[in-house]
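Read through the structure below, which is laid out as C-alpha cells, and then see the notes.
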Amino acid sequence: MKGCNQVWTKEGEMDFTFFIKVRCFCLAIVLLFSLTSFSQSESDDEKYNTHYTIDDRELSRIPIGFASPTDLLLENSQETSPQLDLTRWVSHQGDLPTPNEKYDRKKHFGGWVTDAFGDCQNTRAKVLIRDSKVEVTYTNSQKCTVLAGEWNDPYTGKTYTSARDIQIDHLVPLKHAYDSGAWKWSDKKRCLYGNFDFNDFHLLSVDGPENMKKGARSPDQYMPPNEKYSCQYLQQWLMVKAIWALPLNAGEAKGVNELIKEHNCSNSEMQSQLVFLKKQRTQIMNQNQKCL
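In this note's numbering, the protein residues as written are 9 to 300.
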C-alpha cells in the first residue's frame, strides 16, 4: 500500500505533481485533527482562563432622562422594555488584578449605618422591616432594634419569627466584592455597597448558620440548599455584578455557566430590564449621603 511519502509512476520514477497533492492531503488531515483537539482543549480548560464583565453596552439605548412616564411604563412591561442578557459576557485576558492590601471588613466597608437625616434604625433594622411578612415588634419604645417578625429565608426555605435567628447577608459577599474590584473604590462607595438597600436582593434576611456556611463563597463554591431558589439566586448574583460593574473571575464564570445549565434555568430567568439597571446605578451616584 502506498504511503503518503511513496507515490511512484509505473516506470519507478516519482510523480512529483501527484506526490505534492497526496502530501498536502495528508497534512490537511493531520492539521484537522490537531485543530479539533485544540478546540476541545480550549473548550474545557482554556475558555475560562480569563475574567469577564457583563455586557451592558445596550445601556446606551436608555436615555439619561429615563424616569419619564413612558419609561416607567416600559419598566413595568416585560415585553416591550429593553432587556439585559446577564449571560452575555465580555472576556478580558488575564487574571483579575490583586488588591493592594488584605481585606479587612471594618476598615474597608465599616458596619451598618444609620441614615444621617433619618431615624435611629440602621440598615439591618430596615432590611428586617422590609423583609418581614408581618409588622415587626421592637426591643423598646424607641423602635431602633427589631425583636420579632416573620421572615421566609430563601436559602433554606424555612420561616423564622425571632430576629436573633436572622443575619443580613450581602448576596455578593463583601470580601468577594473587594477581591473582584471593590478594593479600587472610594471608602464612601464601599460603605454604600455594604449598606445598599435600594433593591430587595442586594441584602437578604437569611438563616444565620446558613449564612456563616456560605461565607465569602461564589456560586461555584456554594449554592443555597433550597433548590427552588437556585435560578433566582444565580440571576440575582449576576444582577449585583452588573449593577456594580464587578467582574467574574474564571472559576466563578465557569461555575455559574454550568449551574445555569444544571438547574435548567431559562433564558428569561437570566435577564433583567435595562431601565432597572440604569436606575440602580443612578441610586449609587445619588446616595453618597448615606455614608458621610
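Beta carbons are placed, not taken as given, at the ideal position from N, Cα and C, and that holds for glycine.
>> Going by C-alpha to C-alpha distance, which of Lys-196, Leu-92 and Val-135 sits closest to Leu-212?
In response: Taking the first residue of the sequence shown as 1, we reach residue 212 at position 204. Considering only alpha carbons, the answer is Val-135.
>> Across the stretch 95–113 and the stretch 58–68, are there enough close Cβ pairs to call them in contact, namely three or more that are closer than 8 Å?
In response: The stretch 95–113 vs the stretch 58–68: in contact.
> Exposed or buried, which one is Ala-253 when buried takes at least 16 other CB atoms within 10 Å?
Replying inline: One-based indexing of the sequence shown puts residue 253 at position 245. That one is exposed.
> Contact check, Pro-227 vs Trp-245 under 8 Å by CB: the rounded distance?
Replying inline: Sequence index remark: in the sequence shown, residue 227 carries index 219 (1-based). Sequence index remark: in the sequence shown, residue 245 carries index 237 (1-based). For Pro-227 against Trp-245, the beta-carbon gap comes to about 6 Å, under 8 Å, which counts as contact.
>> Quick check: the stretch 109–124 against the stretch 175–193, are at least 3 beta-carbon pairs closer than 8 Å?
In response: Taking 8 Å as the limit for Cβ pairs, the verdict is that the stretch 109–124 does touch the stretch 175–193.
> In terms of DSSP beta bridges, what is Val-154 paired with?
Replying inline: One-based indexing of the sequence shown puts residue 154 at position 146. Val-154 is bridged to Tyr-146.
> What are the start and end residues of each continuous beta strand (DSSP E) run of 3 or more residues lying completely inside the stretch 154–190, in chain order?
Replying inline: 154–160, 167–170 and 174–178, all fully within the stretch 154–190.
> What is the rounded straight-line gap between the Cα of Lys-192 and the Cα of Ala-261?
Replying inline: As a working mapping, residue 192 is identified with position 184 in the sequence shown. As a working mapping, residue 261 is identified with position 253 in the sequence shown. Spanning the alpha carbons of Lys-192 and Ala-261 requires a straight line of approximately 21 Å.
> Taking one C-beta from the stretch 202–212 and one from the stretch 158–178 each time, how about it: are there three or more such pairs within less than 8 Å?
Replying inline: When C-beta atoms of the stretch 202–212 are compared with those of the stretch 158–178, three or more pairs fall below 8 Å, so the two segments count as touching.
>> Let me make sure I understand the geometry here. Which of Asn-130, Leu-200, Ser-238 and Gly-126 has the alpha-carbon closest to that of Thr-290?
In response: Within the sequence shown, numbered from 1, the residue matching residue 290 stands at position 282. Nearest C-alpha to Thr-290: Leu-200.
> Start and end of the beta strand (DSSP E) containing Thr-131?
Replying inline: Here the question's residue 131 lines up with position 123 in the sequence shown. That residue, Thr-131, is in no beta strand (DSSP E); its alpha helix (DSSP H) goes 131–139.
> Out of curiosity, what's the CA-to-CA distance linking Val-8 and Pro-255?
Replying inline: This structure does not reach residue 8, given that the chain is present from 9 up to 300, and the question cannot be answered.
> What is the DSSP secondary structure of Thr-290, counted as helix, strand or coil?
Replying inline: As a working mapping, residue 290 is identified with position 282 in the sequence shown. Assignment of Thr-290 by DSSP, reduced to helix, strand and coil, places it in the helix class.
> What distance in whole Å lies between the Cβ atoms of Ala-250 and Asp-64, which are believed to be in contact at a cut-off of 8 Å?
Replying inline: For the purposes of this step, residue 64 is identified with residue 56 of the sequence shown, where counting begins at 1. For the purposes of this step, residue 250 is identified with residue 242 of the sequence shown, where counting begins at 1. Contact flag correct, Cβ pair sits at about 6 Å.
> Looking only at its own chain, which residues have a Cβ that is under 8 Å from the Cβ of Ala-36, when we skip the five neighbours before and after it?
Replying inline: Position 28 of the sequence shown, counted from the first residue, corresponds to residue 36. Annotation note: pLDDT 49 at Ala-36 (below 50); position unreliable, no value reported.
> Do you know offhand how far Trp-97's Cα is from Gln-150's?
Replying inline: The residue you call residue 97 lines up with position 89 of the sequence shown. The residue you call residue 150 lines up with position 142 of the sequence shown. So the two alpha carbons sit approximately 48 Å from each other.
>> Going by beta-carbon coordinates alone, are Thr-95 and Met-220 separated by less than 9 Å?
In response: The residue labelled residue 95 in the question sits at position 87 within the sequence shown. The residue labelled residue 220 in the question sits at position 212 within the sequence shown. Taking 9 Å as the Cβ cut-off, Thr-95 and Met-220 do not qualify as a contacting pair.
>> Quick check on this structure: which residue in Lys-286, Ala-190 and Glu-109 has the alpha carbon closest to the alpha carbon of Pro-321?
In response: The structure shown does not extend to residue 321, since the chain is modelled only from 9 to 300, so the question has no answer here.
> Should Arg-138 go down as buried or exposed, given a rule of 16 or more other Cβ atoms within 10 Å for buried?
Replying inline: To locate residue 138, count along the sequence shown from 1; it is residue 130. By the 10 Å Cβ count, Arg-138 comes out exposed.
>> Contact defined as beta carbons within less than 8 Å: I believe Leu-67 pairs with Ser-280. What is the distance between those atoms, to the nearest angstrom?
In response: Position 59 of the sequence shown holds residue 67. Position 272 of the sequence shown holds residue 280. 11 Å between Cβ atoms; not a contact.
> For the alpha helix (DSSP H) that contains His-116, what are its first and last residues?
Replying inline: On the sequence shown, residue 116 is found 108 positions in, with the first residue counted as 1. If you look at His-116, you'll find it in the alpha helix (DSSP H) that goes 113–116.
> Does DSSP put Gln-244 in a helix, in a strand, or in coil?
Replying inline: Position 236 of the sequence shown, counted from the start, is the residue given in the question as residue 244. The answer is helix: DSSP assigns Gln-244 an H, G or I state.
>> Taking its Cβ as the centre, do 16 or more other Cβ atoms sit within 10 Å of Ser-188, making it buried, or is it exposed?
In response: What you label residue 188 is simply residue 180 of the sequence shown in a count that begins at 1. The residue is buried, with at least 16 neighbouring Cβ atoms inside 10 Å.
>> Relative to the C-alpha of Phe-204, which candidate in Gly-119, Tyr-163 and Ser-170 has its C-alpha closest?
In response: Translated into the one-based positions of the sequence shown, residue 204 becomes position 196. Answer by Cα proximity: Gly-119.
>> Quick check on this structure: which residue in Cys-273, Gln-229 and Glu-266 has the alpha carbon closest to the alpha carbon of Gln-236?
In response: For this step, residue 236 is matched to residue 228 along the sequence shown. Just to set this straight, residue 236 is Lys in the shown sequence, not Gln. Nearest of Cys-273, Gln-229 and Glu-266 to Lys-236, Cα basis: Cys-273.
> Opposite Tyr-60 in the DSSP bridges: which residues?
Replying inline: Your numbering for residue 60 matches position 52 in the sequence shown. Paired residues: Ser-99 and Leu-256.
> Where Leu-267 and Asn-257 are concerned, what is the direct C-alpha to C-alpha distance, given to the nearest angstrom?
Replying inline: Stepping through the sequence shown from its first residue, residue 267 is reached at position 259. Stepping through the sequence shown from its first residue, residue 257 is reached at position 249. Taking the straight line from one Cα to the other gives about 15 Å.
>> By the three-class DSSP mapping on this structure, what secondary structure does Ser-285 have?
In response: Translated into the one-based positions of the sequence shown, residue 285 becomes position 277. At residue 285 the sequence reads Leu, which differs from the Ser that was named. Assignment of Leu-285 by DSSP, reduced to helix, strand and coil, places it in the helix class.
> Thinking C-alpha only, which one of Ser-170, Pro-107 and Gln-297 is nearest Val-154?
Replying inline: For the purposes of this step, residue 154 is identified with residue 146 of the sequence shown, where counting begins at 1. That would be Ser-170, whose Cα lies nearest to the Cα of Val-154.
> With C-beta atoms as the reference, is Gln-366 less than 9 Å away from Asn-160?
Replying inline: The displayed coordinates of the chain run from 9 to 300. Any statement about residue 366 would go beyond what the structure contains.
>> So for Asp-93, helix, strand or coil by DSSP?
In response: Here residue 93 refers to the residue found at position 85 of the sequence shown. Asp-93 carries a strand assignment under DSSP once its states are collapsed to helix, strand and coil.
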